[in-house]
Amino acid sequence: MKRKILLLCALTIYAIAAAAQQKDISRVTDSIVNEGKALFRSEWASWYGTDIFLEKCKDKRDQVGGYLSYETQNGLANVFFSKGEKPAVLGTTLFGNDFNENNYKFDTVVRKFSEIEQELYNMRQVAIKRVNTDTTFKYYKNTSLNPVPIIIKGVKKVYVLTGTHEQGVVVFGNDYLISFDNDEVVSVNKLHKNIIPAYFTNVPADSIKKEVSSMHSHLPQTGDFITATDICTLMLYEKLTTWQQYYVISEKYVSIWDCKKNDLFVMTREAWKRIADDQTIRHPKKQ
């Protein structure tokens with residue numbers, strides 16, 4: 642009886658410790674997911690806002706100095722602004738919260754920046770200057786660096802993502818985070834050490850040859866979990882692929898992104914190995 646009580650106590654302590662660890666992991670990963678989705682919303686508005694502006698304002702293309710995207714109370718906004726030291730907004734596209742690129746309002750009234758637009762513009766300009774002068778930032782063939790300024794709960798950040806000009810490839814890595822204290826840059830961090838291309842082929846939905854998953858690994862300096870930039874990139878490109886899950890494997894954890902539900906699940910490498918070993922035993926390969 643005494644041995645059973647000791648065993649029960651040990652199992653209870655283990656369960657409590659495991660639950661506490663999972664709670665700590667969830668606290669970190671929830672923050673990553675929220676920031677990744679905020680990045681995605683900004684980039685989504687930029688993608689479709691660009692198409693709309695270029696279609697409807699062909700006569701203004703030579704005047705364009707850049708664009709900004711941000712969240713509003715009712716959805717998402719994308720603005721294109723003019724060149725010069727005192728740029729003006731040339732066109733504004735407002736989207737709803739339904740992520741329907743056909744549900745938008747477009748305005749060509751030339752105007753001054755709003756307060757939030759001015760803040761984002763200032764951050765963007767600082768980031769571009771830093772990208773052009775800091776050797777931390779790397780360029781690769783057929784890609785470009787794209788600064789994405791965001792303000793979340795008053796915290797200013799500029800993520801710098803690598804965009805590809807090739808078809809059939811999703812680019813992870815070669816991404817950076819520029820952190821601000823008010824209007825001053827306080828740090829520049831390279832998130833992934835390398836550029837990570839993930840190739841895919843569009844196949845019919847009923848094809849048995851479709852690739853249902855893909856993955857990349859993280860070095861210790863990138864961190865234990867999937868990054869906000871990974872999530873943003875996945876949400877932008879996952880519908881162009883046949884992926885159902887995407888895996889990010891670090892030294893201690895495996896992050897599993899559900900490309901259909903846009904949800905994240907994280908498990909330890911130890912648990913991941915146990916599952917893999919069990920599957921090998923249950924389903925041995927035929928010789």
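Be aware that the sequence shown starts at 642, since it is given in our numbering, and climbs by one per residue. C-beta atoms are modelled at their ideal positions from N, C-alpha and C, and glycine is treated no differently.
When C-beta atoms of the segment 743-752 are compared with those of the segment 820-829, fewer than three pairs fall below 8 Å, so the two segments do not count as touching. Within 10 angstroms of the beta-carbon of E756 lie fewer than 16 other beta-carbons, which makes it exposed. Only residues of its own chain outside the window of five on either side were considered, and among them M876 have a CB closer than 7 Å to the CB of N903, listed in chain order. The residue from Q886, D865, A917, T870 with its alpha-carbon nearest to that of K893 is D865.
Between M856 and Y878, the CB-CB gap reaches or exceeds 8 Å. Within the segment 710-785, the complete beta strand (DSSP E) segments of 3 residues or longer fall at 717-723, 730-736, 745-748, listed in chain order. Counting along the chain, I872 sits inside the alpha helix (DSSP H) bounded by residues 869-878.
Within the same chain, G716, N744 come within 6 Å of G737 by CB-CB distance, once the 5 residues on both sides are set aside. Here DSSP, grouped into helix, strand and coil, assigns G677 to helix. For D899, the enclosing beta strand (DSSP E) covers residues 894-899. Around the beta carbon of N815, a 10 Å sphere encloses 16 or more other beta carbons of the protein chains shown; the residue is thus reported as buried. S854: member of the beta strand (DSSP E) spanning 854-858, first to last residue. Bounds of the beta strand (DSSP E) holding Q886 are 886-890. Between the segment 759-768 and the segment 786-802 there are three or more inter-stretch CB-CB distances shorter than 8 Å, so the stretches are counted as touching.
As a beta-bridge residue in DSSP terms, A839 pairs with V811.
In the DSSP annotation of this structure, the continuous segment of the beta strand (DSSP E) that includes G804 starts and ends at 796-805.
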